[in-house]
Ligand SMILES: *[C@@H]1O[C@H](CO)[C@@H](O)[C@H](O)[C@H]1NC(C)=O
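In mature numbering (1 follows the signal peptide of the UniProt record, and there is no 0), the protein residues as written are -23 to -1, 1 to 365.
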C-alpha cells in the first residue's frame, strides 16, 4: 500500500520532488551473478587444469587493448557480461576463482567448455552443477560478511545471468556417438532443458528472483561447424543444419519452460532473448550492420578459419589473424568478436520486445523499488488516466 500511495503521489502536486526521490532510489543497481561457458568466462579457466582449447589466456586473445593483455576471455576484448555490468553501473564482475574476488557486486562462475550436463567435457571444465555449488559458497560468505538480512536482500535483488548450452550440443552430443545412441535429438534437448530448469529452480529456492538468458546461436554457422558440415562442399559456405536445429529446439524449449515458471514461481521475473535469427542475419548480411565479414573468422586457420588454432597453443600451431577484428562477426572458430558481444548486450539491455522479453535487463537491474506491476496500476480505478 505504501508503494501505491507514493506512486500515486508521484503524479500529484509533488511530482517534481517525488521524481527526484524515485530517480535516486532507482539508481541503486542489483548484483550480477553469471553462470555459463566460454561466451562469458572472464578467466576462471586460467586457474584450473585443462586443455589449451578451453583457455584464452594467451595472445592474440584480448588484443584490442581494453584490458592490459589476455584475460582468459574468448574474445578480442570484452564479452557480453562486461557490457551488461557497465550499463548496470557495476564494476567488471570478477571470476569466482580470482583469489582476491569480492562478492558484493556479484561473481562470475562461467567456465570455457562447460555444459549444462556434467558429461559435457567432463573433467576439463566447471560444469553448471559445480557452478551452482560455488554459488552456495558465495552465499554463505555473503551471509557471514553482511549479516542475514542484507545478504537476503542482495540475493533477492540480484540478476542471475545464464549463457550456456552450446557445448552440450556440439562436443556433448554431435561429437559423442554414445550420447547419440542413448538419446535421439528431441530426447537430448529434453534432458538438457530438464537440467537447466533444475538449476533455475534451485537458485529460486536460494532466494534468486531475476533471471537473464542469452539464447543459443545458429550453431551450425560457427566457422568451426561449417567445416564439419557433412553435406556441403567448401564452395557452398553452408551451415551445418543439424547443429543449428538443435540450438533452435533448445531455444524454443527454454522459452516454453520460462513461460510456465513465471506462472509457477511467485515473483519470478526474467529476460529472455531470441537472437538466433538476429545473429543469422548478421552472418548473412554483415554490411547491413556495419560488419564486413560474417562467415570467416578473424583468427584461426583453414576454410573459414574454422580450424580452432587461434593463438597457436593447440595441436596445430599455424594460425592467421585479420587486421581489423571489428569488421568481423566471428573472432575465432567458435566465438564472436567484442563488437557482436556489445550488440548482444545493448539488445538485452533495452532491446525491442520482439527479440527480448518479457522484461529487458534494464528493468531487472533498476526496478528494485517498483513492486507494482503495470497490471496492478491499471486495475486501480483511480489510475485510469495514467499514461505509460
Ligand atoms: C539431467 O541430466 C542427466 C544426465 O546428465 C539425466 O540423466 C537426467 O535425467 C537429467 N535431469 C532432468 C531433470 O532432465
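Heads up, the beta-carbon is just placed ideally off N, CA and C, and yes, glycines get one too.
Separation of residue j from residue i, as counted between CA atoms
{"i": "residue -11", "j": "residue 303", "result": "Its pLDDT being 37, under 50, residue -11 is placed unreliably in this model, and the value from its coordinates should be taken loosely. If you take the alpha carbons of residue -11 and residue 303, they lie about 50 Å apart."}
{"i": "residue 193", "j": "residue 218", "result": "14 Å"}
{"i": "residue 122", "j": "residue 330", "result": "39 Å"}
{"i": "residue 68", "j": "residue 155", "result": "43 Å"}
{"i": "residue 305", "j": "residue 258", "result": "14 Å"}
{"i": "residue 143", "j": "residue 97", "result": "10 Å"}
{"i": "residue 335", "j": "residue 289", "result": "43 Å"}
{"i": "residue 325", "j": "residue 297", "result": "32 Å"}
{"i": "residue 75", "j": "residue 21", "result": "7 Å"}
{"i": "residue 280", "j": "residue 198", "result": "13 Å"}
{"i": "residue 256", "j": "residue 191", "result": "12 Å"}
{"i": "residue 368", "j": "residue 200", "result": "Any question about residue 368 goes unanswered here, given that the chain covers just -23 to 365."}
{"i": "residue 150", "j": "residue 157", "result": "6 Å"}
{"i": "residue 47", "j": "residue 234", "result": "37 Å"}
{"i": "residue 343", "j": "residue 135", "result": "10 Å"}
{"i": "residue 226", "j": "residue 12", "result": "21 Å"}
{"i": "residue 43", "j": "residue 58", "result": "14 Å"}
{"i": "residue 86", "j": "residue 300", "result": "32 Å"}
{"i": "residue 221", "j": "residue 253", "result": "9 Å"}
{"i": "residue 17", "j": "residue 208", "result": "31 Å"}
{"i": "residue 273", "j": "residue 214", "result": "10 Å"}
{"i": "residue 29", "j": "residue 243", "result": "43 Å"}
{"i": "residue 260", "j": "residue 275", "result": "13 Å"}
{"i": "residue 111", "j": "residue 196", "result": "29 Å"}
{"i": "residue 369", "j": "residue 31", "result": "Residue 369 is absent from the model: the chain starts at -23 and stops at 365."}
{"i": "residue 283", "j": "residue 206", "result": "11 Å"}
{"i": "residue 287", "j": "residue 73", "result": "26 Å"}
{"i": "residue -1", "j": "residue 40", "result": "Its pLDDT being 39, under 50, residue -1 is placed unreliably by the model, and the measurement read from it follows with that caveat. So the alpha carbons of these two residues sit roughly 38 Å apart."}
{"i": "residue 163", "j": "residue 102", "result": "25 Å"}
{"i": "residue 83", "j": "residue 127", "result": "14 Å"}
{"i": "residue 148", "j": "residue 95", "result": "12 Å"}
{"i": "residue 267", "j": "residue 308", "result": "15 Å"}
{"i": "residue 166", "j": "residue 139", "result": "17 Å"}
Environment of residue i [buried if 16+ CB atoms lie within 10 Å]
{"i": "residue 33", "result": "buried"}
{"i": "residue 293", "result": "exposed"}
{"i": "residue 88", "result": "buried"}
{"i": "residue 2", "result": "The pLDDT assigned to residue 2 is 42, lower than 50, so where the model puts this residue is not dependable; a value taken from the coordinates is nonetheless given after this. Exposed."}
{"i": "residue 125", "result": "exposed"}
{"i": "residue 240", "result": "exposed"}
{"i": "residue 310", "result": "buried"}
{"i": "residue 327", "result": "exposed"}
{"i": "residue 108", "result": "buried"}
{"i": "residue 249", "result": "buried"}
{"i": "residue 116", "result": "buried"}
{"i": "residue 145", "result": "buried"}
{"i": "residue 236", "result": "exposed"}
{"i": "residue 271", "result": "buried"}
{"i": "residue 171", "result": "exposed"}
{"i": "residue 79", "result": "exposed"}
{"i": "residue 81", "result": "exposed"}
{"i": "residue -23", "result": "Because the pLDDT of residue -23 is 37, which lies under 50, any placement of that residue in the model is unreliable, and the number read from its coordinates should be weighed accordingly. Result: exposed."}
{"i": "residue 187", "result": "buried"}
{"i": "residue 15", "result": "buried"}
{"i": "residue 337", "result": "buried"}
{"i": "residue 262", "result": "exposed"}
Span of the alpha helix (DSSP H), counted from its first residue to its last, around residue i
{"i": "residue 228", "result": "218 to 241"}
{"i": "residue 335", "result": "Run containing residue 335: none in the alpha helix (DSSP H); it sits in the beta strand (DSSP E), 333 to 335."}
{"i": "residue 155", "result": "154 to 159"}
{"i": "residue 328", "result": "Looking at the DSSP string, residue 328 is not in any alpha helix (DSSP H), and its letter there is neither H nor E."}
{"i": "residue 171", "result": "162 to 182"}
{"i": "residue 193", "result": "Looking at the DSSP string, residue 193 is not in any alpha helix (DSSP H), and its letter there is neither H nor E."}
{"i": "residue 60", "result": "57 to 64"}
{"i": "residue 296", "result": "Element bounds for residue 296: n/a, residue is neither H nor E."}
{"i": "residue 254", "result": "253 to 261"}
{"i": "residue 339", "result": "338 to 343"}
{"i": "residue 202", "result": "200 to 203"}
{"i": "residue 146", "result": "143 to 146"}
Residue span of the beta strand (DSSP E) that contains residue i, given as start and end
{"i": "residue 190", "result": "187 to 190"}
{"i": "residue 246", "result": "246 to 250"}
{"i": "residue 132", "result": "Element bounds for residue 132: not the beta strand (DSSP E) but the alpha helix (DSSP H), 125 to 134."}
{"i": "residue 9", "result": "9 to 13"}
{"i": "residue 85", "result": "83 to 85"}
{"i": "residue 366", "result": "Only positions -23 to 365 of the chain appear in this structure, which leaves residue 366 out of reach."}
{"i": "residue 273", "result": "270 to 274"}
Within-9 Å CB hit, residue i to chain D
{"i": "residue 36", "result": "Absent from the structure: chain D. Only one protein chain is present."}
Could you please go through the chain and list the residues whose beta-carbon is closer than 5 Å to any non-hydrogen atom of ligand 1?
-> 94, 168, 171 and 172
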